[in-house]
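Heads up: the structure comes next, in structure tokens.
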């Protein structure tokens, strides 16, 4: 690949992560092609997963943690009757059992137990860290791994299609949910075991209908020049599209610019918000308290247009 220089770039790239790459490998490949000096991703996808991986460059990296907690949707393929060490295709087969006769009602009853606010045990082969070491590293060493349970939210979990012992599911969930664990728990409820055979992330809030860019498309744009590459990026404020917008006047802009809270008065919408200054520039991810005071959570230092 041609050696490329790094630039001071600010924006969000909606990458269609390819099969076989880790999220960090996909980030580094995209960052080199775009030429961004600074980049980060908004939550890991397993190498066997494809689909939307929002990448943040420059000042947009300040939103990575915020986007990490967003709702997400997936299309998942689950094979009934077989369990594996990793709960997906990468692992060794642990057990094979016959799949009992199952009608739609029986499958939906099992799925119903996995909807809502539930307690889930993540896979032993996961990136969760204990004492600074990822669990999958411990598991590959053959160490006994005690995986703590966690509370997660599953908003939708429905069958899209069934073909023999394979189910295609639509999953809409909150941050921290492991679809592999949903597959394992579904198999347990049905009494035959199961593992995940395919996973594609469809959207991440606020990018509900994403126009994704592939690595190959980035490579073609990079061979053309910086303008086609820049056209692949969304502005930083695209990551704030799902929260209220607060526009400040000149005195308020000055106060916030000094890092001081700004009184917005009674009737101001409380909660997280995007904050724009009097000059039209995005200034901060902010939060309005019940008393109407606006405070900065993350400030941005974007260049003038």
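Numbering (our numbering), first residue to last: -10 to 294. Just so you know, even glycine gets a beta-carbon here, dropped at the ideal spot from N, CA and C.
Of 84, 226, 162, the smallest CA-CA separation from residue 193 is found for 162. About 6 Å separates the beta carbons of residue 185 and residue 168, which is inside the 8 Å limit, making them a contact pair. Take the alpha-carbon of residue 187 and the one of residue 96: they are about 19 Å apart. For residue 109, the uninterrupted beta strand (DSSP E) segment begins and ends at 105 to 109. Listed in chain order, the beta strand (DSSP E) runs fully inside the stretch 124 to 193 are 139 to 152, 155 to 162, 183 to 193, counting runs of at least 3 residues. Just so you know, the alpha carbons of residue 252 and residue 239 end up roughly 14 Å apart. At the C-beta level, residue 281 and residue 261 stay beyond 9 Å of one another. Bounds of the alpha helix (DSSP H) holding residue 100 are 93 to 101. Between the alpha carbons of residue 65 and residue 263 lies a distance of about 33 Å. Secondary structure at residue 277: strand, using DSSP grouped into helix, strand and coil.
Contact between residue 84 and residue 41 does not hold, since the beta-carbon distance rounds to 33 Å and is not under 8 Å. Under the 10 Å beta carbon count, residue 149 is surrounded by fewer than 16 other beta carbons and is classified as exposed.
At the C-beta level, residue 229 and residue 195 come within 9 Å of one another. Cβ neighbours of residue 46 within its own chain (closer than 6 Å, five residues either side excluded): -2, 0, 25, 28.
Take residue 105, set aside five residues on each side of it, and the residues of its chain with a beta-carbon closer than 7 Å to its own are 143, in chain order.
Shown here for residue 181: same chain residues with a beta carbon closer than 8 Å to its own, the five before and five after excluded, namely 69, 70, 86, 87, 88, 89 in chain order. Secondary structure note for residue 240: its alpha helix (DSSP H) is the uninterrupted segment 239 to 246.
Taking residue 190 as reference, the option from 7, 278, 242 with the minimal CA-CA separation is 7. Judged by their CB atoms, residue 170 and residue 109 are nearer to each other than the 9 Å cut-off. One alpha carbon belongs to residue 214, the other to residue 290, and they sit about 26 Å apart. Within a 10 Å sphere around the beta-carbon of residue 82 sit fewer than 16 other beta-carbons, which makes this residue exposed.
Between residue 210 and residue 218, the gap from beta carbon to beta carbon is short of 9 Å. DSSP, reduced to helix, strand and coil, places residue 1 within a strand of the structure shown.
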